[in-house]
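Student: Shown below is the structure under consideration.
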Amino acid sequence: DSGVTQTPKHLITATGQRVTLRCSPRSGDLSVYWYQQSLDQGLQFLIQYYNGEERAKGNILERFSAQQFPDLHSELNLSSLELGDSALYFCASSGDSSSKAFFGQGTRLTVV
Amino acid sequence: EDQVTQSPEALRLQEGESSSLNCSYTVSGLRGLFWYRQDPGKGPEFLFTLYSAGEEKEKERLKATLTKKESFLHITAPKPEDSATYLCAVQARAGTALIFGKGTTLSVSS
Chain P
1 DSGVTQTPKH LITATGQRVT LRCSPRSGDL SVYWYQQSLD QGLQFLIQYY NGEERAKGNI
61 LERFSAQQFP DLHSELNLSS LELGDSALYF CASSGDSSSK AFFGQGTRLT VV
Chain Z
1001 EDQVTQSPEA LRLQEGESSS LNCSYTVSGL RGLFWYRQDP GKGPEFLFTL YSAGEEKEKE
1061 RLKATLTKKE SFLHITAPKP EDSATYLCAV QARAGTALIF GKGTTLSVSS
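Listed in order, the protein sequences are those of chains P and Z.
Okay, so the first sequence: first residue is 1 according to this note's numbering, each after it adds one.
Okay, so the second sequence: first residue is 1001 according to this note's numbering, each after it adds one.
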């Protein structure tokens, strides 16, 4: 158990809809990262938050957004969903002095 | 642009047949190189961090090594339970996101 909790584990929704994925980082970790994993692209970095502030953006679409709350949990919002958004979405967290990231078990999103 | 390339994409071994996985990288200043193991449908599990050329880390049947341009994950006498996808990632600066390769899927048969 990595200590990173993601909910829900599975999500099935229709095209055009909006969903919210939730992540609780390991206790004390200030950084949260979101990644998307699809079969052909591998793990793609989406966005990073540090102590409530956005720190870095990767290949995140404009239809996607995220935030980190004062209790350090984070949410990834995906809107106007398309079939191609079907993927595994992972959250990871890391501490201030440690570079390694610990991953949650992911949310499998299926858009139909 | 930081890039990580892993080879081969897939590797099939017999139990006890040792081999190596390759990770080559280009990054503007390497803070650390990371190896993770991922089982199907699960999150990546941390294995090793390497920080400088010449460094080696070992864990059970796995040994990771690092040069200035690539890293190797050596698997000695693998067992079926070593079957998984092995991911390599680089970090350019402390506190920044890891950039991953596409992974090598290892299958070990008894």
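Beta carbons: idealized from backbone N, C-alpha and C, even for Gly.
Counting only beta-carbon separations shorter than 9 Å, does residue 41 (chain P) have a partner in chain Z?
Tutor: Interface residue, yes.
Student: Using beta carbons (cut-off 9 Å, strictly below), is residue 1003 (chain Z) in contact with chain P?
Tutor: Not an interface residue.
Student: Flag this pair as yes or no: are the beta carbons of residue 48 (chain P) and residue 1084 (chain Z) separated by less than 9 Å?
Tutor: Cβ atoms of residue 48 (chain P) and residue 1084 (chain Z): not closer than 9 Å.
Student: Pop quiz: residue 81 (chain P) and residue 106 (chain P) are said to be a contact at Cβ under 8 Å. What is the actual Cβ separation, rounded to whole angstroms?
Tutor: About 17 Å separates the two Cβ atoms, so there is no contact after all.
Student: In three-state terms, what does DSSP make of residue 83 (chain P)?
Tutor: Helix.
Student: Does the beta-carbon distance from residue 93 (chain P) to residue 4 (chain P) come in below 9 Å?
Tutor: Yes, the pair counts as a contact, with Cβ atoms nearer than the cut-off.
Student: Can you list, in chain order, the residues of the segment 96-111 of chain P whose Cβ is nearer than 7 Å to any Cβ on chain Z?
Tutor: Those would be 99, 100, 101, 102, 103, 104, 105, 106, in chain order.
Student: Between residue 1068 (chain Z) and chain P, is any beta-carbon pair separated by less than 9 Å?
Tutor: Chain P contact via Cβ: absent.
Student: Closer than 9 Å by beta-carbon distance: list the chain Z residues that pair up with residue 90 (chain P), in chain order.
Tutor: Correct list: 1043, 1044.
Student: Express the C-alpha separation of residue 1033 (chain Z) and residue 45 (chain P) in angstroms, rounding to a whole number.
Tutor: Distance between the alpha carbons of residue 45 (chain P) and residue 1033 (chain Z): 16 Å.
Student: Leaving out five residues before and five after residue 1049 (chain Z) in sequence, what residues of the same chain have Cβ atoms less than 6 Å from its Cβ?
Tutor: The residues are 1032, 1034.
Student: Measure the Cβ-Cβ separation of residue 1024 (chain Z) and residue 1004 (chain Z) and say whether it is below 9 Å.
Tutor: Cβ distance < 9 Å, so residue 1024 (chain Z) and residue 1004 (chain Z) count as in contact.
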